[in-house]
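Numbering (UniProt numbering), first residue to last: 1 to 112.
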């Protein structure tokens, strides 16, 4: 029987009196990450029995809107890459990448 290896990712959220995130940090010992600060976190978990995605979307109150736009764009690009690795669906991946380019263009995120 093979040995089971466990890994842990820890998310810490500090809230103000109104329960709005003030500080976010995360640790992933296997990845060499220890209490690194973050301004935003988007976590999706697939619930196979309910056939639905459970989500946690948090950002600190000092997260600038321009950084949030970049965060979303980079997340969409990463999702496209992950979709290709998971499904091998090149046609839909290309469509998703086109949308990412459109998103970046409309928000003026592309370097000129």
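For every residue, glycine included, the Cβ atom is placed at its ideal position computed from N, Cα and C. Since the structure is predicted, the reported quantities are computational estimates derived from the model, not experimental observations.
Using 10 angstroms around the beta-carbon of residue 64, count the other beta-carbons present and answer buried if the total reaches 16, otherwise exposed. Here the question's residue 64 lines up with position 64 in the chain shown. So residue 64 counts as exposed.
In this structure, what does DSSP give as the bridge partners for residue 53? On the chain shown, position 53 is the one that residue 53 refers to. For residue 53, which the question treats as bridged, DSSP gives the partners 46.
Please return the same chain residues whose Cβ sits closer than 7 Å to the Cβ of residue 70, not counting the five positions on each side in sequence. Here the question's residue 70 lines up with position 70 in the chain shown. 109.
How do the stretch 80-88 and the stretch 46-58 stand: do at least 3 beta-carbon pairs fall below 8 Å, yes or no? no
For residue 97, the three-state DSSP class (helix, strand or coil): In the chain shown, counting from the first residue as 1, residue 97 sits at position 97. Residue 97 falls in the helix class under three-state DSSP.
Please list the terminal residues of the continuous alpha helix (DSSP H) segment that includes residue 77. In the chain shown, counting from the first residue as 1, residue 77 sits at position 77. Taken as a continuous stretch (DSSP letters only), the alpha helix (DSSP H) holding residue 77 covers 65-87.
With distances taken from CA atoms, which of 99, 24, 90 and 78 is nearest residue 113? It is not possible to answer for residue 113, since the shown part of the chain is limited to 1 through 112.
Would you tell me roughly how many angstroms separate the C-alpha atoms of residue 81 and residue 93, rounded to the nearest one? Along the chain shown, read from residue 1 onward, the residue named residue 81 stands at position 81. Along the chain shown, read from residue 1 onward, the residue named residue 93 stands at position 93. The straight-line gap from Cα to Cα measures roughly 7 Å.
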